[in-house]
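Notes to accompany the following structure.
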Amino acid sequence: MTTKNAVFIYSSEFEKYSYPPEHPFNTVRATRVREIIYSMGMLSGSGKSEVAPKPAERIVLKKFHTARYLHALKTAAAGHWDVEALQMGIGSQDCPIFKGLYEYSVLAAGGTLTAAKMILSGQADIAFNPSGGYHHAGPEHAAGFCYINDVALACIVLAEQEKRVLYLDVDVHHGDGVAQAFYDRSDVLTISLHQNPKTLFPGTGFENEIGTGEGKGYCVNVPLPVGTYDQAYLKAFETIVLPLMAAYNPDVIVFELGVDALAGDPLANLRLTNNVYAEIVDHLMSFNKPILATGGGGYNIENTVRAWALAWSIFCGADRGEDMSHAMGGVFLESTEWQAGLRDRALAVTEQQRNAVQPAIEKVIQKIKKSVFPIHGL
Ligand SMILES: [Zn+2]
1 MTTKNAVFIY
11 SSEFEKYSYP
21 PEHPFNTVRA
31 TRVREIIYSM
41 GMLSGSGKSE
51 VAPKPAERIV
61 LKKFHTARYL
71 HALKTAAAGH
81 WDVEALQMGI
91 GSQDCPIFKG
101 LYEYSVLAAG
111 GTLTAAKMIL
121 SGQADIAFNP
131 SGGYHHAGPE
141 HAAGFCYIND
151 VALACIVLAE
161 QEKRVLYLDV
171 DVHHGDGVAQ
181 AFYDRSDVLT
191 ISLHQNPKTL
201 FPGTGFENEI
211 GTGEGKGYCV
221 NVPLPVGTYD
231 QAYLKAFETI
241 VLPLMAAYNP
251 DVIVFELGVD
261 ALAGDPLANL
271 RLTNNVYAEI
281 VDHLMSFNKP
291 ILATGGGGYN
301 IENTVRAWAL
311 AWSIFCGADR
321 GEDMSHAMGG
331 VFLESTEWQA
341 GLRDRALAVT
351 EQQRNAVQPA
361 IEKVIQKIKK
371 SVFPIHGL
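Quick note on numbering: our numbering labels position 40 of the sequence shown as 40, and the sequence is numbered without any gaps.
In C-alpha cells, the structure reads:
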C-alpha cells in the first residue's frame, strides 16, 4: 500500500444536533476539525477526500444492540421516556435525552460504518470519523455519554468479513463496551490504554482483565497512573502495543482516538501533549494496514480539535514534521499550550512527577508481559 487514500467522514447534517449546553460532550468538535483541515487544504487533492456518511441501518445496529434497547432509545428521543429507558441508562445525567438524539447517534454510527465499508471495498486505506468513538455503550445500555457503540459495530462488521481486527483505544477512559463485546474472541484483539480505573470512570480495565476462553490474551488493558506524561506513555505503548500488534498481524486497525488524556482535560488527569498522538499515528501507519480512526473523548475543545487536525494531517500525508504555521491561513487557535502549526509545546517533567509515574507503569508493563505476551509467542 504505497499511495494511501485517506477519507475524512463528515456531513453538515451533524451541525443540527448537540448535547444539552451544560453537558461536557461537544459535537461541534468535528465541525471545528473540518474547518481547520479544510482551510489548510487537507481535504482535497491527491489521496485525500471527504465523504458524507449514511445513517446506520437498523439491521446493522442489531448486530450489537438489542431490539428492546433500540426501541427505547428511539421512543425516548421522541419524547416517550419511561423508567424502562432510564434503567438502560437513557435519560441519565451522563446520557441525557436531547433533540435529535436518535438521529444523531445513528448518523454518528453510520459515519464509522461508512468508513468500515469503504475500507472493506478498498475505496479507503485510512478513514477518520471524528463524530465516532462511543466505546462505552453496551448492547442494552447507554453509558459515559455513549448511546450507540459505533466502534464495536465496526469491529463486528469487519470480523464478519474474516478480517483480523486490532482495536486500539487511547481514550483516557477504558474502552469497556468494546472490550466486553469481544472478551471471549480471538479474532478481535482489543487494547486499551487509559487512566487507572481506580481513579476514573468506568472503573474497569485493570491489567488482569485479559479475556476468557478463546479470547484469553486477546484483551489487553494498560492502566496508567495520574500524571502520566509523554515519554512514559510512549514507553508503555512501544513496549506493550507494538510487539503485540506485530505478533497479531491484523488485517485492519480500528483506532479509537479519544484525546481526553491530553494535559488540561477537565475530566481526567493525564498530562499528554498531542505529540504523543502524532507518534502513535506514525507507528500505526508504519504497519501498512488499513486504519479506521474515530474521535471519542476530549473535553478541552481547543486542544481536542487541534489534536484531531494533527492526526488527520499525518493520516493524509500533509504533515512532514516541519512547522506548518505558514499553512495555517486565517485559522486562529486559542490555547496557551499551542506553539506553532498544530503541535503542542513539550511539557516539562519534574523529578517528582517522574518518580510518581515511572515505577507504576513499569509494574504494569511487567505484568502484561508475563500474562499476555506468552499467549502471542512473545
Ligand atoms: Zn474518554
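Ideal Cβ placement from N, Cα and C applies to all residues, glycine included.
TODO: Give the secondary structure of histidine 141 by DSSP, where H, G and I count as helix, E and B as strand, and everything else as coil.
DONE: Here histidine 141 sits in strand by DSSP.
Open item on the list: Looking at ligand 3, does it come within less than 7 Å of valine 172, judged from the CB to the closest heavy atom?
Closed with: In the structure on display, ligand 3 does not appear, and the ligands it does have are ligand 1.
TODO: Identify which residue in Val157, Tyr134, Ala108 has its Cα closest to the Cα of serine 121.
DONE: Nearest to serine 121 by C-alpha distance, out of Val157, Tyr134, Ala108, is Val157.
Open item on the list: Closer than 7 Å to a non-hydrogen atom of ligand 1 - does that hold for the CB of glycine 264?
Closed with: Result no, Cβ not under 7 Å from ligand 1.
Open item on the list: I need the straight-line Cα distance from leucine 101 to serine 131, nearest angstrom please.
Closed with: A straight-line Cα-Cα distance of about 13 Å links leucine 101 and serine 131.
- [ ] Identify which residue in Tyr183, Gln87, Pro225 has its Cα closest to the Cα of glutamine 353.
- [x] Of the residues Tyr183, Gln87, Pro225, the one whose Cα lies closest to the Cα of glutamine 353 is Pro225.
- [ ] Out of Leu292, Ala307, Ala293, point me to the one whose CA is closest to methionine 299's CA.
- [x] Sequence inspection shows tyrosine at residue 299; the methionine mentioned does not correspond to that position. Comparing Cα-Cα distances from tyrosine 299 to each of Leu292, Ala307, Ala293, the minimum goes to Ala307.
Task: Start and end residues, beta strand (DSSP E) containing lysine 48 - done: Annotation: the continuous beta strand (DSSP E) that includes lysine 48 extends over 48-51.
TODO: State the CB to CB distance for the pair glycine 177 and alanine 152, rounded to an integer number of angstroms; the pair is presumed to be in contact (CB under 8 Å).
DONE: Confirmed, about 6 Å.
Open item on the list: Just to confirm the assignment, what range does the alpha helix (DSSP H) spanning glutamate 279 have?
Closed with: 274-285 is the span of the alpha helix (DSSP H), which, as asked, contains glutamate 279.
- [ ] Compute the Euclidean distance between the alpha carbons of methionine 209 and glycine 217, then round it to the nearest angstrom.
- [x] The question names methionine, yet the displayed sequence has glutamate at residue 209. Straight across, the Cα-Cα distance linking glutamate 209 with glycine 217 is about 9 Å.
Open item on the list: Assuming contact is defined by CB atoms lying nearer than 8 Å, are leucine 270 and glutamine 195 in contact in what I supplied?
Closed with: In this structure, glutamine 195 lies closer than 8 Å to leucine 270 by Cβ.
Task: the region 139-148 in contact with the region 86-104 per 3-pair CB rule at 8 Å - done: At 8 Å Cβ cutoff, the stretches touch.
Open item on the list: Is glycine 258 near ligand 1 - that is, is its Cβ less than 7 Å away from at least one heavy atom of it?
Closed with: Yes, Cβ of glycine 258 sits closer than 7 Å to a heavy atom of ligand 1.
Task: Contained beta strand (DSSP E) runs [length at least 3] in the region 158-241, N- to C-terminal order - done: Counting only runs of 3 or more, we get 165-169, 188-195, 219-224.
- [ ] Check whether the Cβ atoms of alanine 179 and cysteine 219 sit closer than 8 Å, and answer yes or no.
- [x] Their beta carbons are under 8 Å apart, which means alanine 179 touches cysteine 219 by this criterion.
Task: Option nearest histidine 174 by Cα separation, candidates Phe128, Phe206, Cys146 - done: Ranking Phe128, Phe206, Cys146 by Cα distance to histidine 174 puts Phe206 first.
Open item on the list: As a quick exercise: from Thr294, Tyr183, Glu214, pick the residue whose alpha carbon is nearest that of isoleucine 253.
Closed with: If we check each option's Cα against that of isoleucine 253, Thr294 comes out closest.
- [ ] For cysteine 146, write down the residues that DSSP places opposite it in a beta bridge.
- [x] Partner residues in the beta bridge of cysteine 146, as assigned by DSSP, are Ala143.
Task: Start and end residues, beta strand (DSSP E) containing leucine 292 - done: Note, leucine 292: beta strand (DSSP E), 291-294.
Open item on the list: The beta strand (DSSP E) that contains glutamate 57, what's its start and end?
Closed with: No beta strand (DSSP E) holds glutamate 57; DSSP gives it neither H nor E.
Task: Cutoff 6 Å; reference leucine 310; Cβ partners in own chain excluding five residues on either side - done: Taken in chain order, the residues that qualify are Asn274, Ala278, Leu342.
Open item on the list: What does the alpha-carbon distance come out to for the pair alanine 127 and glycine 211?
Closed with: When the Cα atoms are used, alanine 127 and glycine 211 turn out to be separated by approximately 28 Å.
Open item on the list: In the DSSP assignment, the alpha helix (DSSP H) including alanine 318 goes from what residue to what residue?
Closed with: No alpha helix (DSSP H) holds alanine 318; DSSP gives it neither H nor E.
- [ ] Assign threonine 304 to one of two classes, buried (16 or more other C-beta atoms within 10 Å of its C-beta) or exposed (fewer than that).
- [x] With 16 or more Cβ atoms within 10 Å of its Cβ, threonine 304 is classed as buried.
Open item on the list: Looking only at its chain, what residues have a beta carbon closer than 6 Å to the beta carbon of proline 243, apart from the 5 residues adjacent to it on each side?
Closed with: Answer for proline 243: Leu378, listed in chain order.
Open item on the list: Within a Cβ cutoff of 7 Å, which residues of the same chain sit near threonine 31, ignoring the five residues on either side of it in sequence?
Closed with: Around threonine 31, the same chain offers Phe14, Glu15 as residues with beta carbons nearer than 7 Å, after the five sequence neighbours per side are excluded.
- [ ] Please report how far the alpha carbon of threonine 228 lies from the alpha carbon of serine 192, in whole angstroms.
- [x] Using only the alpha carbons, I get a separation of about 15 Å.
TODO: Label glycine 41 either buried or exposed according to how many other C-beta atoms from any shown protein chain fall within 10 Å of its C-beta, with 16 as the threshold for buried.
DONE: Residue environment for glycine 41: exposed (fewer than 16 other C-beta atoms within 10 angstroms of its C-beta).
Open item on the list: Does alanine 124 come out as helix, strand or coil in the three-state DSSP assignment?
Closed with: For alanine 124, the secondary structure class from DSSP, reduced to helix, strand or coil, is coil.
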